[in-house]
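Student:
Residue numbers (UniProt numbering): 1 to 329.
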């Protein structure tokens, strides 16, 4: 089978499309999935670059969707050959992926493979951010940095499902329209003004008040304005560093700006308890089935050209979710 492999970390030139052995079901809990679509996420670029270390060589990827080709004995109690599924597990940039049973989720009949590949990682990330890290309610106002990105689009929709007011930022008029269609109340194009004045613009749109929570996946270029956009006792959730890592922060900065809260959450800690992944995916699928959570015009790229997907992400040129498609699908 074909896969995107990394034998030494670095730029996109380290992503090699090569033939490797097809995985084999060995454990009773193993599930072999033929991938139809594969989700692309920023964490994939961190693994490729070496920012997040993995034993080498490795196959990139953390999520996908497809059809079960083989199941282990105990996995067969829940899943069967031919089931349409999605999963959250390593090694997804490949024709086939071997996944542990607990990380595989059946797709409802009216949820397609594209949505299935798009929502395990970013969907559960958005879910824990609005349901657990900061429990959004209808009385809250949130600021979502980079609202037109994959996670940003999910966060906008989830925040509106929960009744919150949404302010979001974008870099182009096209992305502005995307966010408006998803339900954002206020969209700020920071390229039409001074990014260093963003917190003032946010407050002007919010009756002079700061917001309750900021979800910031951009990092270096936005974190300070994100923090200054908060009201007293507000929370800054740093969920990525697309523009580079955030520098060391003096805790007194949190105190002097209103006893603020700062967190850098990670999905793994929010799905560690048994059954937590199933609970989160169940609610995500229910929102998808009700039409409340939609996958808006994903970018589809051949698996062989996965480097193009990383270039789009790192160049901050992507609009929404990027999916890879294996050659024979």
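Note that CB positions come from ideal geometry on N, CA and C, so glycine has one too. These numbers come from a predicted model, not from an experiment.
Could you check what DSSP says for residue 36 in three-state terms: helix, strand or coil?
Tutor: The answer is strand: DSSP assigns residue 36 an E or B state.
Student: Using CA atoms only, rank isn't needed, just tell me which of 324, 8 and 15 is closest to residue 55.
Tutor: It is 8.
Student: Just the Cα atoms here: how many angstroms apart are residue 12 and residue 311?
Tutor: Between residue 12 and residue 311, the C-alpha separation is close to 7 Å.
Student: Can residue 2 and residue 327 be called in contact, C-beta distance under 8 Å?
Tutor: Yes, Cβ-Cβ distance for residue 2 and residue 327 is below 8 Å.
Student: Give the straight-line distance between the Cα atoms of residue 141 and residue 166, rounded to the nearest whole angstrom.
Tutor: Each residue's alpha carbon lies about 6 Å from the other.
Student: Should residue 159 go down as buried or exposed, given a rule of 16 or more other Cβ atoms within 10 Å for buried?
Tutor: Buried, by the Cβ-count rule.
Student: Ordered along the chain, which non-local residues of its own chain (more than five positions away) have a Cβ less than 6 Å from that of residue 152?
Tutor: 144 and 146, listed in sequence order.
Student: When the Cα atoms are used, what is the spatial distance from residue 90 to residue 99?
Tutor: Their backbone Cα atoms lie some 8 Å apart in a straight line.
Student: Could you pull the DSSP bridge partners for residue 215 from this structure?
Tutor: Paired residue(s): 144 and 237.
Student: Have a look at 71, 137 and 64 and flag the residue whose alpha-carbon is nearest the alpha-carbon of residue 324.
Tutor: Closest option to residue 324, Cα to Cα, is 64.
Student: Give me the Cβ distance between residue 105 and residue 93, rounded to the nearest whole Å; I'm assuming they're in contact under 8 Å.
Tutor: Not confirmed; about 19 Å, so no contact.
Student: Answer yes if the region 63–78 comes into contact with the region 256–264, meaning at least three C-beta pairs across the two stretches below 8 Å, and no otherwise.
Tutor: Segments in contact, no.
Student: Return the residue from the list 83, 168 and 252 that minimises the CA-CA distance to residue 217.
Tutor: Looking at the Cα atoms, 168 is the closest of the given residues.
Student: Rounded to the nearest angstrom, what separates residue 130 and residue 201 at their Cα positions?
Tutor: Roughly 24 Å separates the two Cα atoms.
Student: Could you give the C-beta distance for residue 270 and residue 239, rounded to a whole number, given that I count them as a contact under 8 Å?
Tutor: So it is not a contact: roughly 12 Å between Cβ atoms.
Student: Assess contact between the region 109–127 and the region 22–40, defined as three or more Cβ pairs (one per stretch) separated by less than 8 Å. Is contact present?
Tutor: Yes, they touch.
Student: Considering only the beta carbon of each residue, do residue 150 and residue 292 sit closer than 8 Å?
Tutor: Result no, Cβ atoms of residue 150 and residue 292 do not sit closer than 8 Å.
Student: Quick check on the burial criterion: 16 or more other C-beta atoms within 10 angstroms. Buried or exposed for residue 175?
Tutor: With 16 or more Cβ atoms within 10 Å of its Cβ, residue 175 is classed as buried.
Student: Please classify residue 10 as buried or exposed, where buried requires at least 16 neighbouring CB atoms within 10 angstroms.
Tutor: That one is exposed.
Student: Closest by CA to residue 170, which one among 317, 19, 20 and 164?
Tutor: Comparing Cα positions, the closest option is 317.
Student: Whole beta strand (DSSP E) runs in the region 98–180 with 3 or more residues, listed along the chain?
Tutor: Taking only runs of at least 3 residues, the beta strand (DSSP E) segments lying wholly in the region 98–180 are 104–106, 141–144 and 165–170.
Student: Out of curiosity, what's the CA-to-CA distance linking residue 139 and residue 209?
Tutor: So the two alpha carbons sit approximately 13 Å from each other.
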